[in-house]
Amino acid sequence: MSSTPYTLPVDNSAQERDRSQVLAAVHAPRIAIESVQPALDHGRFAAKAIVDEPLNVTARIFADGHDILAAAVCWYDAEGHPHREPMHPAQPPGLDIFEGRFTPHGIGRHRFLIEAWWDTYATYRYELSKKHQAGVSVGLELEEGRREIVQAIERNEGELREALEAIHERFRLLESDAERVALLLDADTAQLMHEADDRPHLTRSDALYPLDVERLKARFSSWYELFPRSETDVPHRHGTFNDVHKRLPLIRDMGFDVLYFPPIHPIGRTHRKGPNNTLEAGPDDPGSPYAIGSEEGGHEAIHPELGTREDFRALVRASAEHGLEIALDFAIQCSPDHPWLKEHPGWFSWRPDGSIRYAENPPKKYQDIVNVDFYAEDAIPSLWIELRDVVQGWVDEGVKIFRVDNPHTKPLPFWEWLIADIRARDPSVIFLSEAFTRPNMMLRLGKLGFTQSYTYFTWRNTKTELIEYFTQLNESPLREGFRPNFFVNTPDINPYFLQSSGRPGFLMRAALATMGAGAWGMYSGFELCEGEPVPGKEEYLDSEKYEIRPRDYTAAGNISYEIAQLNRIRRENPALQTHLGLAVYPVHNDRLLFFGKRTETRDNFILVAINLDPFESQEGAFELPLWEYGLPDDAALYGEDLMSGHRWTWQGKWQSMRLDPAHLPFAIWRIRPVR
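Sequential numbering of the sequence shown, starting at 9, is according to my numbering.
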């Protein structure tokens, strides 16, 4: 009995699958591009940058084998025009990190990506150089080099082709191998071959990384907050925009460049708050400006007692003449008298009994405020567009800076849309986030487009707390997506520290804010060392939020002069115009904080020492950072006290300091090497 062997059928589909998978693997990138910076969430959000300032770009780039890699950062400006800058291996070698830089010369959304490829000629030069130095015969290598040049000639044209042809002709006429080696290793030859490279195994980063390039004030600004209604001589007379004019020179002379107003809109009467947040207001009580809206109008309107729209425009112009830019509060909340409640009741949340739901932030209650419902059926898209139009209306009036009240209590998609929409029309607009909330939410708001943010600085008092917070702000992802504004106080926050620390405490906090961050702010009254609290609370007694508070800004004990000096020092020293680059240095006293900031070239180097004890003098030995200049421990540095103008020479690393809070609880020194 015979049998025929059984033959398995050929699975052509499996073969085709294998073939396609191999081809896909063959065409996959051989070069890895990882850890691109600056980037947020792998390019989902835009990192922050400043116009006309070089931006450092880094990436981890590596491949199989030992071939030398080349890389470039390719970037597109706000108009979409392409640009290209080379990247180079960073030091120390062996970490596969490449770095490059480019300088954006316009504001608006920019984008960049990383390209990397095998640098064939650089690899060839490296191997030729090693063999030649080792005395190995390189006849074959010279022919390989000649062929590299010929191939480059064949794939190029114009002036580059002509230059390569001249190199090839020189190579052909040279008589000795040594001369040919020298020609092939020459820097000019290498540059021409780099330009002619066909960039084998070219790989691009997975993402096109966005950048928000903003004007300098986005990073470096000094904010002064005041209530226009308090610019009066007597509590029973409501201040006006015209009254603010007389304060402009004083605010300018203190060194501020942003003048910020709480809401300037009509204030409702229903459930109006009285002095110290009482529930009963008298007929002449002004109410809280955050209870926005009355029969006179809403967020687009001006409180009649402040003046007319033309008065506001005149104040904007006058402020600009004094070097001040007006910032307005954008608070998305309404008095029960706001016109929107009648015109658009579907924009609000209503309770089962037909009453409207007022605002709460337990244990706080805001009976004079109701909130809109962003996702109510009637609110989409009309409410969103209306709020955008409110902001755009004030932009059209010349306001380019907005402090946004409690943005963390509003939908995140709303902010991403609104900020992008406004900045697409005018990329000079700045948004400050007033979000004292969880760290992740504060960072997310920065990612969504907020230019600056209030911070935890207000509650960081000890040396350990301050060092930890300064360090966090200088590390990823905060350094790419979060710009701090160090407000020392606000109408809502009377910090416990300032309630009992007296004048030295106010000076100390002013020094920490101005030297620690590029953007800082203070609410009027800080220069008078106001700190009387509601007992047991971080709130001001007789709060200006609920009543008119005239002040004598020349009163004895004020610190206006010191604030002006601090702001002057900031303006004159580029190293202080950012929160980035802060380095903490050793000082042997836990009540002394010692840190420095410097420009990249070290041509501006500032040291700051602050006594964190407002009651007692503190002294301690500290290390002069000679190593920052590459100097030995016994070298000398010139020092200059930027508050007093006194100058001297320090000799050696170990020095000592003593800071008396009764005199001045801080010192600011500019240093430079002795040449």
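Glycine included, every Cβ here is placed at the ideal spot set by N, Cα and C.
Can the beta-carbon of residue i be found less than 8 angstroms from the beta-carbon of residue j?
i: Phe623; j: Pro669; result: yes
i: Phe249; j: Gly315; result: yes
i: His330; j: Pro236; result: no
i: Pro503; j: Trp528; result: no
i: Ala443; j: Leu453; result: yes
i: Pro270; j: Pro492; result: no
i: Asp60; j: Thr111; result: yes
i: Val403; j: Ile364; result: no
i: Thr131; j: Asp205; result: no
i: Ser436; j: Lys418; result: no
i: Glu627; j: Pro243; result: no
i: His96; j: Gly108; result: yes
i: Ile377; j: Tyr268; result: no
i: Ala226; j: Ile427; result: no
i: Tyr232; j: Met516; result: no
i: Glu40; j: Pro46; result: This sequence places Ala at residue 40; Glu is not what is there. Contact: no.
i: Asn581; j: Ile614; result: yes
i: Phe106; j: Thr66; result: yes
i: Pro274; j: Ala309; result: yes
i: Glu636; j: Arg606; result: yes
i: Met665; j: Ala617; result: yes
i: Leu323; j: Arg260; result: no
Using the rule of at least 16 other Cβ atoms within 10 Å of the residue's Cβ for burial, across every protein chain shown, is residue i buried or exposed?
i: Ile679; result: buried
i: Arg683; result: exposed
i: Met9; result: Any reading at Met9 is ruled out, since the residue's pLDDT is 43, under 50, leaving its predicted position unreliable.
i: Arg255; result: buried
i: Phe439; result: buried
i: Tyr383; result: exposed
i: Asn20; result: exposed
i: Leu136; result: buried
i: Asn619; result: buried
i: Thr463; result: buried
i: Glu385; result: exposed
i: Ser441; result: buried
i: Lys553; result: buried
i: Gln460; result: buried
i: Thr522; result: buried
i: Ser43; result: exposed
i: Asp75; result: buried
i: Leu451; result: buried
i: His34; result: According to the sequence provided, residue 34 is Val. The question's His does not apply to it. Looking at its Cβ environment, which holds fewer than 16 other Cβ atoms inside 10 Å, Val34 is exposed.
i: Glu149; result: buried
Can you tell me where the alpha helix (DSSP H) holding residue i begins and where it ends?
i: Pro257; result: Leu256 to Asp261
i: Val398; result: Ser390 to Asp404
i: Glu304; result: Premise fails: Glu304 is in no alpha helix (DSSP H) and is neither H nor E.
i: His202; result: Ala195 to Glu203
i: Asn575; result: Ser568 to Glu580
i: His176; result: Gly166 to Leu181
i: Gln159; result: Gly147 to Glu162
i: Leu481; result: Lys471 to Leu481
i: Phe422; result: Leu420 to Arg433
i: Gln341; result: Element bounds for Gln341: n/a, residue is neither H nor E.
i: Ser327; result: Arg317 to Glu329
i: Arg557; result: Looking at the DSSP string, Arg557 is not in any alpha helix (DSSP H), and its letter there is neither H nor E.
State the start and end residues of the unbroken beta strand (DSSP E) segment that holds residue i.
i: Ser229; result: Ser229 to Glu233
i: His35; result: Careful: His35 lies outside any beta strand (DSSP E) and carries neither H nor E.
i: Tyr688; result: There is no way to answer for residue 688, as the model of the chain reaches only from 9 to 683.
i: Phe410; result: Ile409 to Asp413
i: Leu600; result: Leu600 to Arg606
Would you mind giving the Cβ-Cβ distance between residue i and residue j, rounded to the nearest angstrom? I have them listed as a contact below 8 angstroms.
i: Phe4; j: Phe602; result: No answer is possible for residue 4: it lies beyond the span of the chain, which begins at 9 and ends at 683.
i: Gln300; j: Ala335; result: Per the sequence presented here, residue 300 reads as Ile, with Gln not at that position. Actually they are not in contact, since the Cβ atoms of Ile300 and Ala335 sit about 17 angstroms apart, beyond 8 angstroms.
i: Val266; j: Ser230; result: 7 angstroms
i: Gly116; j: Ala78; result: Gly116 to Ala78, Cβ: 30 angstroms. No contact.
i: Gly638; j: Trp677; result: Not confirmed; about 20 angstroms, so no contact.
i: Ser302; j: Ser343; result: 6 angstroms
For the ligand NAD, any of its heavy atoms closer than 7 angstroms to the Cβ of residue i?
i: Leu634; result: Looking for the ligand NAD in the displayed structure turns up nothing, as the structure carries no ligands at all.
Taking contact to mean 3 or more Cβ pairs, one atom from each stretch, closer than 8 angstroms, check whether the region 170 to 187 and the region 286 to 303 are in contact.
no
At least three beta-carbon pairs within less than 8 angstroms, the region 162 to 170 to the region 214 to 234:
no
At a cut of 8 angstroms, does the region 580 to 598 reach the region 530 to 542 through at least three beta carbon pairs?
no
Take every Cβ of the region 540 to 553, pair it with every Cβ of the region 565 to 573, and state whether three or more of those distances are shorter than 8 angstroms.
no
If we count Cβ pairs, one from each stretch, closer than 8 angstroms, do we get three or more for the region 197 to 214 versus the region 107 to 125?
yes
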